[in-house]
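For reference, the structure discussed in these notes is given below.
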Amino acid sequence: MKRVALRCGGLVLAAMLALVPTTASAQETVVYSGLASLANGALRPDTDPAGANDWSCRPSAAHPRPIVLVHGTIENKTYNWYTLSPLLRNAGYCVFALNYGELSGLHVGLPGSLHTYGAAAVAGAANELDAFVDKVLDATGASKVDIVGHSQGGMMPRYYLKYLGGAAKVDKLVALAPSNHGTTVDGLAKLPGVPYLLTTGLGPAVQDQIAGSDFLRDLNAGGDTVPGVTYTVIESRYDEVVTPYTSAFLTGPNVTNILLQDQCVTDTSEHLGISFDAIALRDVLNALDPANAKAPNCTLTLPINGGGFEEQMLAAGTWTP
């Protein structure tokens, strides 16, 4: 009788547990902090960010295109997408992230990383993106992807779109602080010999992104955009890497340029912090799903760290606007 009672009790308990919603436990933790991302990358170098690279994921009707995340120069997927990857997964997207542009013999990467990525020539990196997008399309059965990139990762996909057939496989390109027209490095790149000093030891990707480089002249010849793709650029007035900050912006059909400080004067995130900035990442979500766009919460964000107190509290369920 005791065995029967225990067995029945166990069945009742299992049935009760089956009725408990599992949505909360399935949600990834989202932390808006570049400093936390650095610590995470040091402990878990060169690993998939939370929510990314589930190759069994199948896009939903609400979000039919997988998202491909493309990191910046001398960054990696672990660091760059610490915040955005779980945020997108929680929003119902299939999310994929790659490391690209590894340069053999060079080690100037982020703390804890075993490799230096985003350092090889940009054209070669675009070929790696091409292969990765094909892999994502094959795995998910989708016909197109959307790309979100930071810095070089926002500019390099344009080479893929223009020269490697990517325009037929991409619906949206959303770029955070992209080096679309290069950087003057606060004017230093205009001084004789300085471009060589700036790029020595950092890899060809840096040379390719100096304003006026052969690569950028070729990329931007004939216009910034290609037909059939929607472009969104999100930039900070305080960008200290892509200078002047206006060089990030694109011109052409289907282009939206967003300056963070036009939305919120207390947003002080810059080139690094923008990847962890709740305001910028709300702009990313809006660009990917304009039918359900929401105005960003204007809040204080900080250089390098980014942040977003209100979004953090909302995600934790401990604050109601």
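Be aware that the sequence shown starts at 3, since it is given in my numbering, and climbs by one per residue.
All residues carry an ideal CB built from backbone N, CA and C; glycine is no exception.
Note to self: Whole angstroms are fine: how far does the CA of L290 sit from the CA of G308?
What the structure shows: Here residue 308 is taken as the residue at index 306 of the sequence shown, counted from 1. Here residue 290 is taken as the residue at index 288 of the sequence shown, counted from 1. Going by C-alpha positions, G308 is about 21 Å away from L290.
Notebook entry, point to check: Grouping DSSP H, G and I as helix and E and B as strand, with all else coil, what is F217?
Noted result: Taking the sequence shown and counting its residues from 1, one reaches residue 217 at position 215. Helix.
Note to self: Which same chain residues end up closer than 6 Å to L116 when comparing Cβ atoms and leaving out the 5 residues on each side of it in sequence?
What the structure shows: Position 114 of the sequence shown, counting from 1, holds the residue named residue 116. Hits under 6 Å: P47 and D48.
Next item on the list: Can you tell me which of the three DSSP states F134 falls into?
Entry: To locate residue 134, count along the sequence shown from 1; it is residue 132. Helix at F134.
Check: Taking all protein chains shown into account, do 16 or more other C-beta atoms lie within 10 angstroms of the C-beta of R67, making it buried, or fewer, making it exposed?
Finding: Sequence index remark: in the sequence shown, residue 67 carries index 65 (1-based). Taking a 10 Å sphere around the C-beta of R67, we find 16 or more other C-beta atoms and assign the residue as buried.
Checklist line | D279 classed as buried or exposed, judged by whether at least 16 other C-beta atoms fall within 10 angstroms | finding: Along the sequence shown, one-based indexing puts residue 279 at 277. Buried, since its Cβ has 16 or more Cβ neighbours within 10 Å.
Next item on the list: For the beta strand (DSSP E) containing I276, list its first residue and its last residue.
Entry: Translated into positions along the sequence shown, residue 276 becomes position 274. Counting along the chain, I276 falls outside any beta strand (DSSP E), and DSSP gives it neither H nor E.
Next item on the list: Reducing DSSP to helix, strand and coil, say where D48 ends up.
Entry: Taking the sequence shown and counting its residues from 1, one reaches residue 48 at position 46. The answer is coil: DSSP assigns D48 none of H, G, I, E or B.
Check: Just to check, is the beta-carbon of L166 closer than 8 Å to a non-hydrogen atom of the ligand FMN?
Finding: The ligand FMN is not part of this structure, which contains no ligands at all.
Check: Would you call S106 buried or exposed, if buried means 16 or more other Cβ atoms sit within 10 Å of its Cβ?
Finding: The residue given as residue 106 occupies position 104 in the sequence shown. Its Cβ having fewer than 16 others within 10 Å, S106 is exposed.
Check: Which of helix, strand or coil does DSSP assign to R5?
Finding: Start at 1 with the first residue of the sequence shown, and residue 5 comes out as number 3. With a pLDDT of 41 at R5, under the threshold of 50, the modelled position of this residue cannot be trusted, and the question is left open.
Next item on the list: Inspect the CB distances between the stretch 253 to 269 and the stretch 204 to 223 and report whether three or more fall short of 8 Å.
Entry: no
Item checked: DSSP-derived helix/strand/coil call for T248 -> Counting from one through the sequence shown, the residue named residue 248 turns up at place 246. T248 falls in the helix class under three-state DSSP.
Margin query: Between which two residues does the beta strand (DSSP E) holding A223 run?
Written below: Translated into positions along the sequence shown, residue 223 becomes position 221. Annotation for A223: no beta strand (DSSP E) segment contains it, and DSSP assigns it neither H nor E.
Notebook entry, point to check: So what does L178 bridge to, in DSSP terms?
Noted result: Position 176 of the sequence shown, counted from the first residue, corresponds to residue 178. Answer is H152 and I236.
Next item on the list: Give the secondary structure of C10 by DSSP, where H, G and I count as helix, E and B as strand, and everything else as coil.
Entry: Taking the first residue of the sequence shown as 1, we reach residue 10 at position 8. Note that C10 scores 38 on pLDDT, short of 50, meaning its location in the model is unreliable; the coordinates nonetheless yield the value given after this. Three-state DSSP puts C10 in a helix.
Next item on the list: Helix, strand or coil for I306, going by three-state DSSP, please let me know.
Entry: Within the sequence shown, residue 306 is the residue found at index 304, counting from 1. In the structure shown, I306 sits in coil (DSSP, three-state: anything other than H, G, I, E or B).
Item checked: Selection from G254, I306, P255 and I236 that minimises the alpha carbon distance to T248 -> The residue given as residue 248 occupies position 246 in the sequence shown. The shortest Cα separation from T248 among G254, I306, P255 and I236 belongs to I236.
Notebook entry, point to check: Do Y2 and L283 have their CB atoms nearer than 9 Å?
Noted result: It is not possible to answer for residue 2, since the shown part of the chain is limited to 3 through 323.
Next item on the list: Put A144 into one of helix, strand or coil per three-state DSSP.
Entry: As a position in the sequence shown, residue 144 is number 142, starting the count at 1. It is coil, neither helix nor strand.
Checklist line | Short Cβ contact (9 Å threshold) for Q154 with V135 | finding: Counting from one through the sequence shown, the residue named residue 154 turns up at place 152. Counting from one through the sequence shown, the residue named residue 135 turns up at place 133. The answer is no: Cβ separation not under 9 Å.
Checklist line | Residues near W83 in its chain [Cβ-Cβ closer than 6 Å; skip 5 each side] | finding: In the sequence shown, counting from the first residue as 1, residue 83 sits at position 81. The answer, listed in chain order, is P51, L71 and A99.
Note to self: Which same chain residues end up closer than 6 Å to F251 when comparing Cβ atoms and leaving out the 5 residues on each side of it in sequence?
What the structure shows: Here residue 251 refers to the residue found at position 249 when the sequence shown is read from its first residue. Result list for F251: V235 and N259, in chain order.
Next item on the list: Whole angstroms is fine: what's the gap from D226's alpha carbon to P255's?
Entry: Numbered from 1 along the sequence shown, position 224 holds the residue referred to as residue 226. Numbered from 1 along the sequence shown, position 253 holds the residue referred to as residue 255. In a straight line, the C-alpha of D226 is about 9 Å away from that of P255.
Check: If you draw a straight line from the C-alpha of L218 to the C-alpha of H273, how long is it?
Finding: Reading the sequence shown from its first residue, position 216 is the one you call residue 218. Reading the sequence shown from its first residue, position 271 is the one you call residue 273. Each residue's alpha carbon lies about 20 Å from the other.
Next item on the list: Evaluate R60 with the Cβ neighbour count: other Cβ atoms within 10 Å of its Cβ, from every protein chain shown; 16 or more gives buried, anything less gives exposed.
Entry: As a position in the sequence shown, residue 60 is number 58, starting the count at 1. Its Cβ having fewer than 16 others within 10 Å, R60 is exposed.
Next item on the list: Kindly identify the DSSP beta-bridge partner or partners of T258.
Entry: Counted from its first residue, the sequence shown places residue 258 at position 256. Paired residue(s): T234.
Check: Whose C-beta lies closer than 6 Å to the C-beta of D285 among residues of the same chain, with five residues either side of it excluded?
Finding: The residue labelled residue 285 in the question sits at position 283 within the sequence shown. Answer for D285: I236 and I260, listed in chain order.
Notebook entry, point to check: Apart from the five residues on each side of it in sequence, which residues of its chain come closer than 6 Å, Cβ to Cβ, to V243?
Noted result: Taking the sequence shown and counting its residues from 1, one reaches residue 243 at position 241. Correct list, in chain order: H273.
Margin query: Quick check on DSSP: helix, strand or coil for A121?
Written below: Your numbering for residue 121 matches position 119 in the sequence shown. Coil.
Next item on the list: Check T31 in the structure and name its three-state DSSP category.
Entry: As a working mapping, residue 31 is identified with position 29 in the sequence shown. Three-state result, T31: coil.
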